[in-house]
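Undergrad: Pasting in a structure now, in structure tokens, and then I'll have a few things to ask.
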Amino acid sequence: MNLYVLNNVAGLRMRLRKILLVMKLTTLILILTLMQVSGSSLAQKVNFVMKNVRVEQVFEEVTRQTGYNVFYADRKINDEKRIDVAFKNATLDEVMQAILRTEHGSYTIEDHTIVINQIDRHHRKEVPEEVNHHQDITIKGVVKDGKGEPIPNVSIKEKGTAKGTSTNNMGEFTIEVRDNSSILLFSIVGFSNQERKADGRFMTVVMNEAISTLEQMVVVGYGVQKKVSVTGSVSTVEGKDLVKSPVANLSNALVGRLAGLRATQRTGEPGYDGSGIDIRGFGNALIIVDGVPSDNFSKIDANEIESFTILKDASAAVYGVRAANGVVLITTKKGAIGKTRINYSTYYGIQSNTRYPKFVNAAEFAELRNEAAVNAWIKKNNPSTTLSLPFTKEQVAQYKNGTLPGTDWFDAAIRRNTPQLQHNLNIDGGNEDVKYFFSLGYLNQSGMWKSDDTKVKRYNFRSNVEAKIGKGLTAGLNLSGFLEDRDYPGVSAAILMSGISKQFPTNAIYANNNPDYFSKSNYETGQTILLMNKDFSGYDTYRKKYFSAIANLTYEIPNVDGLKAKALFSYQNTNENNKNYLKKYFLYSYDAENQMYNADYTGNDPSRLTQSTLEINAPLFQVSLNYDKKFGKHAITALGLFESQQNNSSNFNAYREFLIDGIDELFAGTGKNQKSDGSSAEIARLGYVGKLNYNYSGKYLFEFGFRYDGTYKFQPDKRFGFFPNLSAGWRISEEGFMKSISAIDNLKLRVSWGKVGDDGGNDSGAANYIKPFQYLNGYRYPNPDGTYIFGTDPILGLSSNGLTNPLLTWFKSTTTNIGFDLSLWKGLLSAEIDVFYRKRTGLLATRMLSLPNTFGASLPQENLNSDNTRGFELVLTHKNKVGDWSYTISPNFSFTRTKNGYLERAPNTSALANWLNNNSNRWNNLYRGYVATGQFQSQEEINKAPQQDGSGNKTLLPGDIRYQDINGDGIIDGEDQTIIGRGSVPEIFYGLNLGLSYKGFDLSLLFQGATNFNFNIVGDLTYPFSNNASAFSFLTNRWHREDIYDPNSKWIPGEFPSTIVDGTANNKLNSTFWLRDATYVRLKNFEVGYTLSKTLTHKIGIKNTRVFIAGQNTLTISKVKYLDPEIAGGGAGKYYPQQKVWTMGINIGL
């Protein structure tokens, strides 16, 4: 059997040889580990000395040290015989041979059970006659789960003896016991242990799924704790829930699952389609993967994840500098004791746009352009001016009847459906000495362009191995990484979408309808059909290689119970290579008379290549002592840790132009306008961590921690900072006066306070990025403001770094959190409530002072600004099981709002300027503008209205927007602006997780949404022909005349103002007319699955098989029309649309 497994692994290795070198290493480790595990079954070391004991007692000690149950039947072992044994570093085989030598027997090993057989009864004369003739009874039965499916490999023991067995693949078992009063113990990982009396010849045992270890234990700062003893604000989602969302980017599987985790997906473009994630609106969170900071979490395969935890309050403080905005803890899967398990999963998905507005067709375009010309002519109030129409009435009619063809540029460029494919293979298992987990993943995702030149391929691998290498000494080695290949057209998706929006539908794609000649159009630089095709216009490739190694040693210090020492070293290497090649292209017109194609436009002239590389090396070292001890009702956990981390990066980029195409490499370029540049950086930080937890009787809980951090950015006496945190919990439900209330399982009050320092790294955002070494005088070379010309030679110069600031230091975040945890009716209903407040001080700003030109230096950054954020969160969970039905309902809700404290600003020149621009002590995320009171219904109403166009309202037409004169001065101007709504970032997020299962069927639904934010429609979304573009079809619902060519005909009302090329200044003002409530609810993920009966699958050697259908973004309810509500402002309609994804897949376990 072992040989079969190894041969298959070797075959797998051969098949994967061409994928990547690191995967070969993983395969080698897999082979060696399997060999170790298979060989170590009989090679495990046993150490014990026992005198005057029964053989049964010896077997019990063997079971304790090796994990192997010993099974014997028919009284094959003499229970009355007493023996002396002494073993030192003996193998399991040596122990069994020595014991059975006295019994003249042999043994075999089946499914982690030692079976005693072939006892020679003639050598047992010392055993009393009545004992030899005692007859045990035989009990048979079957073990099933709550769905009626058989459970294989269940361990079954007779209580008080060493007799045992295990179930076969059909869940069946046979065991011989003393009599009908014997107690049988049933146990297996993942199910609650059961005791059953052997009161019959056949038993049917139904085992209930145990409460998951991850629900009982949660990952916290540098360790784990029981959930009931946690005093901080912590939320966790299990890996098994994440894989229910088959997504290309891990971040999109998290949306709506955890209160306080805010996520918004701004684009659906492969490779860029991740959700921006922050905790409580604080900003970019620190991501920790298996104890090590990582910037690549969104690339992790969800099949590798055991749990995903967020630390939202002061509990994050122990992670130091980058933890000011909260911490995300990702724990990857590890091996478990048992036979090797192989799991394979795959899905195939179809992607399509969620929501994107349609464009006008050729006939609508021509008519709207004519209408716009008539309206503009009338607005001039100069009837003597000759009216010039872009299209004749005959041409409009021909577009309508199809005599003149039109072009649907959106349909010509974009596919309705695009594929997405994912595979994952993972292998895990182990024994008492070695545990292992291996995973290989593959993702292939295509983009929506019909050229099929947008593709993302990613190859993931992970190897987690843990081994006991000595007494009390455990070693672990985690290797992981990925290769990512991203291919795009030479220009961005925004440029391609802009090209679609600007191309007139009256233009042809090809000159004379010949696909070899792209047609010159009104927007030459945005000929999307050409630009999306790399063969015609170039490409943009991005290659990323990431490798991580984490090695650790844990030593249980002898003679000090509960004391462990740990050392961890990690190394991360990232290599990125970007290559952007823009190829010269031509656009043509067709001379029908001479039957010739004329090149009227040349783009990307000359052809050019920009290439860049980036390498990052990030070593990290930790050493720690951990003490965990219980003294009666007192429990203490203490941690002392030192951490050193570095980040060393270097980059290089170069630019070349080409006389001819064909060799897209830098060496083939000309020397003209060539450029090259590069830089390197070294970053280092030190941290000292202390943490103490005290638990009295599971009732009173306390935690104190600190982080003493050092950074390279500040001068020596400002370089280190001390940042403490405190928290306490009171389990009220454990008080005597609560014991009589049986409905309450747990009622806990939590309070936490902590301070975190931030040295203004890249995670802090551009506004709070601290430039290092500002305490030193110095110069910048080359001068970023330009060069000097001496004669004809450009000479790079120096520039001053500006004034120094030796006082620059950390900005600090102080967070307070109060929370309640409640569990009722044995977990039937639970609730978590948190209220929080965070204050930041010392935020960066440069003083707004006017300096004379002769001053010669710039002012430095200072710790001037401040802000505060507050909010609350609520999570409710109801779980129940009724017969064969199980269900879960869990809504979550979070509200966050930020208020500015002091904000450095220039002196205000007037009261109005102060009101408009002074945001100190004001809520942020507010939007100012004019209050629209409707649309003018007639020329008479325009004449009576306050003046709002600066020209006596002479430029206004019926249908134009009317504004409120707030100050009543008869003029609409800046003094009539007020707060009219909220910004584009939601203040409220909510989610609803629903789960349902019945026998082999399961259903999960994840609804997610947001509110308290607005969508401001701008640009092409508000008026047609913006910057000589086309128009969205919804703008045809406009005010217009019954006869668009007759200035005196009746006005027909519509949703939007009348059509004018580029719109009018009056209708472009920021106002409530264009502001939309962006509240939405989305079915973010759903999955329907069916697990095939194990009775069927076990016959062909498969433990479990599950098939499923899933969807992402399949339903959206929103007040925002035409566009996806998660697109802030819609990018004026020029964005890669969000994608809905339908998938089908299968999970197979061997």
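All residue numbers for the sequence shown refer to the UniProt record's numbering, where the first residue is 1 and numbers rise by one. Each residue gets a CB set at the ideal place from its N, CA and C atoms; glycine is no exception.
When you compare only the Cα positions, how much space is there between Leu1150 and Arg341?
TA: 6 Å
Undergrad: Between the Cα of Pro770 and those of Leu641, Leu844, Leu92, Asn967, spot the shortest distance and give me the residue it belongs to.
TA: The sequence shown places Ile at residue 770, rather than the Pro named in the question. Among Leu641, Leu844, Leu92, Asn967, the Cα nearest to that of Ile770 belongs to Leu844.
Undergrad: Which first and last residues belong to the beta strand (DSSP E) in which Ile350 is found?
TA: Looking at the DSSP string, the run of the beta strand (DSSP E) that includes Ile350 is 338 to 353.
Undergrad: Going along the chain, which residues of its own chain have a beta-carbon closer than 8 Å to the beta-carbon of Asp745, five neighbours each way excluded?
TA: Ser733, Ser823, Leu824, Trp825, Lys826, Gly827
Undergrad: For a test of the three-state rule: what should DSSP assign to Glu269, helix, strand or coil?
TA: coil
Undergrad: Within the stretch 943 to 975, note down every full alpha helix (DSSP H) run reaching 4 residues or more, in order along the chain.
TA: none
Undergrad: Would you mind sorting Thr403 into buried or exposed? The rule is 16 or more other CB atoms within 10 Å of its CB.
TA: exposed
Undergrad: If you reduce the DSSP assignment to three classes, tell me which class Ser41 lands in.
TA: For Ser41, the predicted model reports a pLDDT of 45, less than 50, meaning its position is unreliable and no value from the coordinates is stated.
Undergrad: On the three-state DSSP scale, how would you describe His122?
TA: Its pLDDT being 46, under 50, His122 is placed unreliably by the model, and the measurement read from it follows with that caveat. His122: helix per DSSP, three-state reduction.
Undergrad: From the DSSP output, in three-state form, read off Phe811 for me.
TA: It is a strand residue.
Undergrad: CB-CB under 7 Å to Ser1030, same chain, minus the five flanking residues each way: which ones, in chain order?
TA: Phe359, Val360, Phe365, Ser501, Lys502, Gln503, Phe504, Pro505
Undergrad: How would you write the range of the beta strand (DSSP E) that Leu368 sits in, first residue to last?
TA: Where Leu368 is concerned, there is no enclosing beta strand (DSSP E), although the alpha helix (DSSP H) it sits in stretches over 362 to 379.
Undergrad: Based on the DSSP output, what are the partners of Gln194 in its beta bridges?
TA: Phe186
Undergrad: Please name the residue, chosen from Ile305, Ala302, Asn303, Asn284, that lies closest to Asp295 on a Cα-to-Cα basis.
TA: Asn284
Undergrad: Output the distance between the C-alpha atoms of Gly349 and Asn892, rounded to the nearest integer angstrom.
TA: If you take the alpha carbons of Gly349 and Asn892, they lie about 29 Å apart.
Undergrad: Excluding the five sequence neighbours on either side, which residues of its own chain have a C-beta within less than 8 Å of the C-beta of Asn507, listed in chain order?
TA: Thr407, Ser519, Ser521, Asn522
Undergrad: Which first and last residues belong to the beta strand (DSSP E) in which Trp730 is found?
TA: 720 to 731
Undergrad: If you reduce the DSSP assignment to three classes, tell me which class Arg322 lands in.
TA: helix
Undergrad: What is the residue span of the beta strand (DSSP E) that Lys566 lies within?
TA: Note, Lys566: beta strand (DSSP E), 563 to 582.
Undergrad: Suppose you measure from the CA of Ile151 to the CA of Ser439; what does that come to, to the nearest Å?
TA: 25 Å
Undergrad: Looking at the secondary structure, which residues open and close the beta strand (DSSP E) in which Phe59 lies?
TA: Careful: Phe59 lies outside any beta strand (DSSP E), inside the alpha helix (DSSP H) at 55 to 66.
Undergrad: Let me check understanding here. Comparing Cα to Cα, which of Gly791, Ile971, Asn801 lies closest to Gly778?
TA: Asn801
Undergrad: Starting from the Cα of Pro270, find the closest Cα among Arg458, Asp628, Gln948 and give me that residue.
TA: Of the candidates Arg458, Asp628, Gln948, Arg458 places its Cα closest to the Cα of Pro270.
Undergrad: Anyone know if the C-beta pair for Lys339 and Ile305 falls short of 8 Å?
TA: no
Undergrad: Would you list, in sequence order, the uninterrupted beta strand (DSSP E) runs of no fewer than 3 residues that lie entirely inside the stretch 844 to 908?
TA: 862 to 882, 885 to 900
Undergrad: Output needed for Ser676: all residues of its chain with C-beta closer than 8 Å, excluding positions within five of it in sequence on either side, in chain order.
TA: Phe652, Asn653, Ala654, Tyr655
Undergrad: Note the first and the last residue of the continuous beta strand (DSSP E) segment covering Val465.
TA: From DSSP, the beta strand (DSSP E) with Val465 extends over 455 to 470.
Undergrad: To the nearest angstrom, how far is it from the Cα of Pro1137 to the Cα of Gln645?
TA: 40 Å
Undergrad: So, with DSSP's three-state summary, where would you put Thr610?
TA: If DSSP states are grouped into helix, strand and coil, Thr610 belongs with the strands.
Undergrad: Closest by CA to Glu466, which one among Val434, Asn303, Ser192?
TA: Val434
Undergrad: Tell me the rounded alpha-carbon separation between Asp561 and Asp628.
TA: 8 Å
Undergrad: List the endpoints of the continuous beta strand (DSSP E) containing Glu394.
TA: Where Glu394 is concerned, there is no enclosing beta strand (DSSP E), although the alpha helix (DSSP H) it sits in stretches over 393 to 401.
Undergrad: Is it buried or exposed for Val218, if we count other Cβ within 10 angstroms and need 16 for buried?
TA: buried
Undergrad: Pick helix, strand or coil for Gln225, following the three-state DSSP scheme.
TA: strand
Undergrad: Can you tell me whether residue 1182 is buried or exposed, with buried defined as 16 or more other CB within 10 angstroms of its CB?
TA: Residue 1182 lies beyond the range of the chain shown here (1 to 1150); nothing can be said about it.
Undergrad: Does the count of Cβ pairs from the stretch 529 to 539 and the stretch 601 to 615 closer than 8 Å reach three?
TA: yes
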